[in-house]
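**Q**
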Amino acid sequence: MLHRRHHGSPPGPVKDFRGGTRLPNPLGGGGADIRHVVDCEFKGPLRVDCVYVDAMLGWLARMLRILFGLSAVYKTELEDSELVTTECLVITRDRELFRRRRGPTILLATEDHVKWIAAFLRLGLKPFEKSACPLCGGQLLEVPCTEAEKAVGHRVLSHVCWRCSSCGRYYWVGSHWRRLLQLVQDAEKTVIQCRGIG
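By the count of this note's numbering, the sequence shown reaches residue 1227 at its end, each step adding exactly one.
1. Please give me, in chain order, every unbroken run of the beta strand (DSSP E) with length at least 3 that falls completely inside the segment 1087-1175.
2. Is L1075 closer than 8 Å to P1156 when the C-beta atoms are compared?
3. Short check: CB of R1224 to CB of V1067, under 8 Å?
4. Take every Cβ of the segment 1091-1098, pair it with every Cβ of the segment 1147-1161, and state whether three or more of those distances are shorter than 8 Å.
5. Confirm, please, whether the CB-CB distance from W1201 to V1189 is below 8 Å.
6. Can you grab the Cα-Cα spacing for the pair F1071 / T1114, in whole Å?
7. If we require 3 or more residues per run, which beta strand (DSSP E) segments fall completely within the segment 1193-1226?
8. Compute the Euclidean distance between the alpha carbons of L1248 and R1124, then round it to the nearest angstrom.
9. Residue range of the beta strand (DSSP E) that V1189 falls in?
10. I'd like to know whether the C-beta atoms of R1198 and L1164 end up nearer to each other than 8 Å.
11. Do you know whose CA, among K1218, L1126, C1193, R1129, lies nearest V1172's CA?
12. Going by C-alpha distance, which of L1170, A1148, V1119, A1216 is nearest L1107?
13. Mind checking which residues open and close the beta strand (DSSP E) that includes V1080?
14. Could you check the C-alpha separation between A1216 and C1117 for me, to the nearest Å?
15. Contact defined as beta carbons within less than 8 Å: I believe Y1081 pairs with L1126. What is the distance between those atoms, to the nearest angstrom?
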């Protein structure tokens, strides 16, 4: 299992930093209900250097950092007015917000986490090429595992370890890695209906 450790806090399990997400269903607003028609909608152009994830998608924000290395900003206090006007890519479950947006936006209409990841694969994002700290989005720096062992106070059964340059947490490959790989493999085989994605 991948673990993390912040100086001054006890070590605990955390999802491997290479890895998927789930959504509720607040699709209100006028027009045709797409919940049973498509899994997602996209209007571009795609932008991955600046990503906002709305308050309902905290799990997805962590997975975007883990799997794709995106600097996904997730804050429950983000105002709708900010999400409406930003030029960043906005990922949302809110249909009315999607309608009002003119910039790049992804509307997730399904609650299937595997399909969420499948949508980003369809957009051309490559998993595992780079990763960011799932908790803060900071850059992960490879460090000797002996350094991680000193920080967490026990043996680390991994040959590769990382430290977040922002929050100082340590990561290494553990048993959770296999589940993350399975998530991606399932997403690669999943058929999704997503408007705006070829």
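No residue lacks a Cβ here, since even glycine has one placed at the ideal position from N, Cα and C.
**A** The relevant details are as follows:
1. 1101-1103, 1118-1121, 1134-1137, 1169-1172
2. no
3. yes
4. yes
5. Contact annotation: V1189 and W1201 have beta-carbon atoms nearer than 8 Å.
6. 17 Å
7. 1199-1201
8. Absent from the structure is residue 1248, since the part of the chain shown begins at 1030 and ends at 1227.
9. Annotation: V1189 is outside any beta strand (DSSP E) and is labelled neither H nor E by DSSP.
10. yes
11. C1193
12. The shortest Cα separation from L1107 among L1170, A1148, V1119, A1216 belongs to V1119.
13. 1080-1082
14. 25 Å
15. Their Cβ separation, rounded to whole angstroms, is 11 Å, which puts Y1081 and L1126 out of contact at 8 Å.
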